[in-house]
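Chemist: Position one of the sequence shown corresponds to residue 1 (full-length UniProt numbering), numbered consecutively onward.
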Amino acid sequence: MAGTRRPVTTIKEQVYQIIKEDICNGVYPPGYWLQETDLSAALSVSRSPIREALRQLVADGLVVEYPNRGVFVKEYTQKDIEDIFDLRIILESYAIRRSGQNLTPAYIEKLNAFMDTLIYYHKADDLQNYINADTGLHQLIIELSGNNLVISTYERVYSMVQQFRIYSLTSKERFDESVTEHTNIIQNILSGNAREADRINRTHLELAREKIIVYLNKKDALP
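1. Per DSSP, which one or two residues make a beta bridge with V71?
2. Within its chain, find whatever has a CB closer than 7 Å to the CB of Y121; leave out the 5 residues flanking it on each side and keep chain order.
3. Beta-carbon within less than 7 Å of S40's beta-carbon, same chain only, minus the 5 sequence neighbours each way: which residues are those?
4. Could you round the C-beta distance between S159 and K74 to whole angstroms and report it? I think they count as a contact, below 8 Å.
5. Just curious, the alpha helix (DSSP H) that T135 is in, first and last residue?
6. To the nearest angstrom, how far is the alpha carbon of V58 from that of E52?
7. Excluding sequence positions up to five away, which residues of its chain have a Cβ less than 7 Å from the Cβ of Y107?
8. For the alpha helix (DSSP H) containing Y16, name the first residue and the last one.
9. Look at V15 and L34 and say whether their C-beta atoms are less than 8 Å apart.
10. Out of curiosity, what's the CA-to-CA distance linking N25 and Y66?
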């Protein structure tokens, strides 16, 4: 997670991180066949760290291995998205309710910085950097839980929907609503009104889930 990831030290970890980020950023879309020989050539490493990285990605739930066929980027169903967002809501709600106990001056500074950054990228109509800041903010909120198990669980869950982030902001109206929601979430956390921050964040995540499901259904309907 942003600001908490330990240094990557081994070839296997580097390969794992590169492939994971490429999946999350849509370089390898859902259903893509991750062939060891191609990845080995692309990353200039042997097949051994590729194989180990793919094994870890299977454990993470980002890819699926089919016997006698190979390893493919996971294709998500509507039920998958609903389940992922249900868990996100639970984890983020817990973190927001705990935020008052862990709101140090450093975290206050970071929250204010994220608010300024989100407003800046919204005004600049820079959707990609806005989404990156959005990701960082939600990760920071989870850190406010002060619970390492919640943090590690959230990282795994969030990775599953990162490739769909852009589809949660498919219109200018939704983009405008999103920056207002984020601003209100931050302001309520800073003022100690965790109940209101939680309410706004739940609505925010429910709307994101709805937009992603609409995208998936449209994609599945294509001939």
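Glycine included, each C-beta is placed from N, C-alpha and C at the ideal position.
Only a predicted model underlies this, so the values are computations on that prediction, with no experimental measurement involved.
Modeler: In this structure, then:
1. Mapped onto the sequence shown, residue 71 falls at position 71. Per DSSP, E65.
2. The residue labelled residue 121 in the question sits at position 121 within the sequence shown. Hits under 7 Å: N129, Y130 and A133.
3. One-based indexing of the sequence shown puts residue 40 at position 40. Taken in chain order, the residues that qualify are S46, R47 and I50.
4. Taking the first residue of the sequence shown as position 1, residue 159 is located at position 159. Taking the first residue of the sequence shown as position 1, residue 74 is located at position 74. That belief does not hold up - the Cβ atoms of S159 and K74 are roughly 11 Å apart, past 8 Å.
5. Start at 1 with the first residue of the sequence shown, and residue 135 comes out as number 135. Taken as a continuous stretch (DSSP letters only), the alpha helix (DSSP H) holding T135 covers L127 to E143.
6. If you number the sequence shown from 1, residue 58 lands on position 58. If you number the sequence shown from 1, residue 52 lands on position 52. Rounded to the nearest angstrom, the gap between the Cα atoms of V58 and E52 is 10 Å.
7. The residue given as residue 107 occupies position 107 in the sequence shown. Cβ contact annotation for Y107 (same chain, cutoff 7 Å, sequence separation greater than five): L144, in chain order.
8. By 1-based counting over the sequence shown, the position of residue 16 is 16. Where Y16 is concerned, the enclosing alpha helix (DSSP H) stretches over I11 to C24.
9. Taking the first residue of the sequence shown as 1, we reach residue 15 at position 15. Taking the first residue of the sequence shown as 1, we reach residue 34 at position 34. It is not a contact, given that the beta carbons lie outside the stated cut-off.
10. The residue given as residue 25 occupies position 25 in the sequence shown. The residue given as residue 66 occupies position 66 in the sequence shown. CA-to-CA, the gap between N25 and Y66 works out to about 23 Å.
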